[in-house]
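**Student:**
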Amino acid sequence: MGARCGVCGGPARVAGRDRHGCSGQFDRLRRRRARRASGARPGVGGDCRSVRCDSRRRHKLLARSSPSRSDSRAVADEGLSRPFRSRASVLCENGGKSVFLARFLGPLRAVVPVVAGMSGLPAPQFYVFNVLSALVWAAAHLAPGFLFGASLQLAGAVSSRLAVLLLFVAGALWLVVWLVALLHRQARPRIEGWRDRAVAWASTRSNLPARIVLSLLDPTRVESKALLAAALMLIGSAWLFFGVLEDVLSNDPLVQVDRRVYAMLQMLRTAWGDSLMVAVTELGSAPAVISIITAVSLWLAAKRCWRTLGYWLAAVGFAQLLVWTLKFTLGRARPTEIYSGIDPFSFPSGHAAMNIVVYGFLAFLLARAKPVGTKIAITLSAAMVILLIAFSRLYLGAHWFSDVLASLSLGLAWVALLSIAYLNHVGPEKVSALPLSMVVGLTLALVGGWVVVEDHRADLAQYAYRPRSDTVPVADWRADGWRRLASTRTDLGGDAEEPLSVQWAGPTEAVAGILNRAGWHAPPPWAAKTALLWLLPNTPIDQLAVLPKLDYGEAQGMTFIKVLNADERTVLRLWLSAYVVESTGAGPPHPLWIGMVTTERLRRPVGLITLAATQHDFTTPLRRLAQDVRAQQGSAQWQEWTGRVVLLIG
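Numbering (numbering that gives the first Met the number 0) for the sequence shown: 0 to 649.
1. Just to confirm my understanding: we take L531, look at its own chain, exclude 5 residues before and 5 after, and list those with CB closer than 8 Å. What are they?
2. Suppose contacts are defined by Cβ-Cβ distances below 7 Å. Is R488 in contact with E496 by that definition?
3. Quick test of your reading: L279 and S380, contact by CB under 8 Å. State the CB separation rounded to the nearest angstrom.
4. Beta-carbon separation of K561 and W519 under 7 Å?
5. Taking only three categories from DSSP, how would you classify L181?
6. Return the chain-ordered list of same chain residues with a C-beta closer than 8 Å to the C-beta of V439, the five sequence neighbours on each side being excluded.
7. Measuring only the C-alpha atoms, how far is V473 from S576?
8. To the nearest angstrom, how far is the alpha carbon of V645 from that of P498?
9. Pull the bridge partners of W533 from the DSSP assignment, please.
10. Below 8 Å on the Cβ atoms is my contact criterion, and I expect L365 with L435 to pass it. Report the Cβ-Cβ distance as a whole number of Å.
11. Could you give the distance in angstroms between the alpha-carbon of A133 and the alpha-carbon of T619?
12. Please report how far the alpha carbon of V414 lies from the alpha carbon of A314, in whole angstroms.
13. Where I377 and S500 are concerned, what is the direct C-alpha to C-alpha distance, given to the nearest angstrom?
14. Keeping to the same chain, check which residues put their C-beta closer than 7 Å to that of P347; ignore five residues upstream and five downstream.
15. Can you tell me which of the three DSSP states K429 falls into?
16. For P524, I'd like the list of residues in its chain whose CB is within less than 7 Å of its CB, leaving aside the five on either flank, ordered along the chain.
17. Straight-line CA distance for D246 to A460?
18. Is the beta carbon of R600 less than 7 Å from the beta carbon of D627?
19. Taking 8 Å as the limit between beta carbons, can you name the residues of its chain near W592, skipping five residues before and five after?
20. Could you pull the start and end residues of the alpha helix (DSSP H) that L624 belongs to?
21. Quick check: P536 and R603, are their CB atoms within less than 7 Å of each other?
22. DSSP state of Q461, grouped into three classes?
23. For S284, count neighbouring C-beta atoms within 10 Å of its own C-beta (all shown protein chains included) and say buried if the count is 16 or more, exposed if not.
24. From what residue to what residue does the alpha helix (DSSP H) around I355 run?
25. For M595, count the other beta carbons within 10 Å of its own beta carbon; 16 or more makes it buried, fewer makes it exposed. Which is it?
26. Could you name the residues that DSSP lists as bridge partners for W592?
27. Using the Cβ count rule (16 or more neighbours within 10 Å means buried), how would you classify L647?
28. Below 6 Å CB to CB, which residues in the same chain sit around A39 once its five sequence neighbours on both sides are set aside?
29. Starting from P286, trace the alpha helix (DSSP H) in both directions and tell me its first and last residue.
30. Start and end of the alpha helix (DSSP H) containing V562?
31. Between which two residues does the beta strand (DSSP E) carrying D469 extend?
32. For the beta strand (DSSP E) that A313 lies in, which residues bound it at each end?
33. Measure the Cβ-Cβ separation of A318 and A352 and say whether it is below 7 Å.
34. Report the partner residues of A611 according to the DSSP bridge assignment.
35. Kindly list the residues whose CB is nearer than 6 Å to the CB of D475, restricted to its own chain and excluding five residues on each side of it in sequence; keep chain order.
36. Considering only C-alpha positions, which residue in the set I375, F344 and P370 is nearest to G359?
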């Protein structure tokens, strides 16, 4: 069967310069339309001319493309015009929708005007939808560029420390995946060889060690591979736990590693990283874990899996008892004082130990008797959850590295021991993986989400990083001490940006009170709703959140705005410095804030979105701030610097 014409459905042929079927009529018409619409003329005009031209000549074109000189050619005429009529009928039935959608499909974009004109589609209907599609098509091509430009400021504010943190977490997760795949490919043949030699040795003996080896490693058993893996995990994790415990008790070099890991992770801390890691640690907190334990217990009881339920309760109950016993016995202090009661003791980590027992034993139950691919997927999912929760404890400074390492090894050893006992003593009970997974996922989403919503603010304050501060007398700060602080904001690449022209000694409440009385107020916080307001062209300026700017990776601690007009506002960003200033009275020292004040002007390109451009005049907004504060209290004074700096006491 010959090739068919893509426009009318007729036979395609190559004759001379005619490289299209239908006697080359469509090809010549398309070249003619292209010449007329070439140059600076828009594509819409070319489409409209094509529709008018093809509409006027459609009868002649159909007659030329379907000659009927004989009966056989009449049959060919009917066969040739039938595909075109079907396409024309579809176009007429859908009308504007076909014209609109064809604009976004490259192969159809050049054909639809011809078919529309030859099918008799009303020209006004074509014009309306063609123009609308052209506008939407242009916006679809330009909008990504506008959005990318709008996101440059936000992308430029991403902390290098946050990037390092995310890379560290991603690298750890990738390492877990790589190790599992490596063990499956490389270590499996060797381990099976060792197993075969051990079984051969045990088969020739009848003593107790031989019977234990056969009960665990006999390859004729259905669960032999699972037993082998559990035995290896038990040996390896028990060896690791006792090794870490020995180093902690004897104050070996591992303790020095603890301090280095703690210091490194505290250097990576940012406000965004804190919020993320606090949410992760809340998902592994006692309310979430207890809810999962209860939900799984009720599900196993409903399915009458009594033996499995017993192992499940023994797993979590004994693990918690063992953690409390070790904490009370060793009494090791945490890196920071964030808990009271028995919780100040850090070794081992209750979060890490309980979560590896809960999710590890769940992974064992769900992966039992499943294909290899399913087992790997379940194991990796559980490992990622466990490692994220364990890493959150390190990042937040709640535990030493050795605490978490010992907890993971202890929990893994307990899960491996229970798995061996389960495989040897629990017979026909079958645990359905999909329903139980849905129960666990739904419980974690509901209870974990509730914990994050209810406790997130309090937990952020509890886990907040508290760096040490140096005290500076007020007189020294006013005279020359202010020169110790940075003069410009430093971006991710180490380049100097806006001048840090404000130094303010005072508690948060006092600073906010003075600014509020002077007409300044805090901007809306970043949230899903306020972020979407930047995509609207008519959002009032006081409803727009302030884009973050980071100084050495630190987000501003306080932000205030003062609206100047519909398109301009003054923005004050303040960072907490490493210094505190002695109070002029008998009160405690005041934290010293360092900041910058700028003017933001809004731009609304093409009336689609809102962009904020920082003006390069830094003196005018600084004078405006000084005048506002001086009107409230007489403590503002100018000091000459590389630029201008104002010292304030509140």
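Glycine residues also receive a C-beta, built at the ideal position from the N, C-alpha and C atoms. Everything numeric in this text was worked out from a predicted model, so none of it was measured.
**Tutor:** On the basis of the coordinates in this document:
1. None.
2. Yes.
3. The identity of residue 279 in the sequence shown is Val, whereas the question assumes Leu. Distance from V279 to S380 at the Cβ level is roughly 15 Å; contact not present, criterion being Cβ atoms closer than 8 Å.
4. Against a cut-off of 7 Å, the Cβ pair of W519 and K561 comes out as a contact.
5. Here L181 sits in helix by DSSP.
6. Excluding sequence neighbours, V439 sits near I291, A294, V295 and L361.
7. In a straight line, the C-alpha of V473 is about 15 Å away from that of S576.
8. Taking the straight line from one Cα to the other gives about 12 Å.
9. Answer by DSSP bridge pairing: none, since W533 is not bridged.
10. Indeed they touch by this definition, with Cβ atoms about 6 Å apart.
11. Rounded to whole angstroms, A133 to T619 spans 45 Å at the Cα level.
12. Going by C-alpha positions, V414 is about 7 Å away from A314.
13. Distance between the alpha carbons of I377 and S500: 54 Å.
14. Take P347, set aside five residues on each side of it, and the residues of its chain with a beta-carbon closer than 7 Å to its own are V322, L325, D402, A405, S406 and L409, in chain order.
15. Collapsing the DSSP output to three states places K429 in coil.
16. Its chain contains A544 as the residues whose beta carbon lies nearer than 7 Å to that of P524, once the 5 sequence neighbours on both sides are disregarded; these appear in chain order.
17. Going from the Cα of D246 to the Cα of A460 covers about 33 Å.
18. No, Cβ-Cβ distance for R600 and D627 is not below 7 Å.
19. So the qualifying residues of the chain are V501, Q502, W503, A504, G505, V510, G556, M557, L573, W574, L575 and S576.
20. T618 to Q631 is the extent of the alpha helix (DSSP H) around L624.
21. Yes; because the gap between Cβ atoms is below 7 Å, this pair is in contact.
22. Q461 carries a helical assignment under DSSP once its states are collapsed to helix, strand and coil.
23. It is buried - the Cβ of S284 has at least 16 other Cβ atoms within 10 Å.
24. For I355, the enclosing alpha helix (DSSP H) stretches over residues G349 to A366.
25. With a threshold of 16 other beta carbon atoms within 10 Å, M595 meets it and is buried.
26. W592 is bridged to W503 and L575.
27. In this structure L647 is buried. Its beta-carbon is surrounded by 16 or more other beta-carbon atoms within 10 angstroms.
28. Its pLDDT being 33, under 50, A39 is placed unreliably in this model, and the value from its coordinates should be taken loosely. Result list for A39: empty, nothing under 6 Å.
29. Per DSSP, P286 belongs to the alpha helix (DSSP H) from A285 to A301.
30. From DSSP, V562 is part of no alpha helix (DSSP H) but of the beta strand (DSSP E) over M557 to N564.
31. Segment D469 to V471, the beta strand (DSSP E) holding D469.
32. Counting along the chain, A313 sits inside no beta strand (DSSP E); it lies in the alpha helix (DSSP H) bounded by residues W305 to L329.
33. Taking the C-beta atoms as reference points, A352 is found nearer than 7 Å to A318.
34. DSSP, once it has assigned bridges, lists L601 as partnering A611.
35. Cβ neighbours of D475 beyond the five flanking positions: none.
36. Measuring from the Cα of G359, the nearest candidate turns out to be I375.
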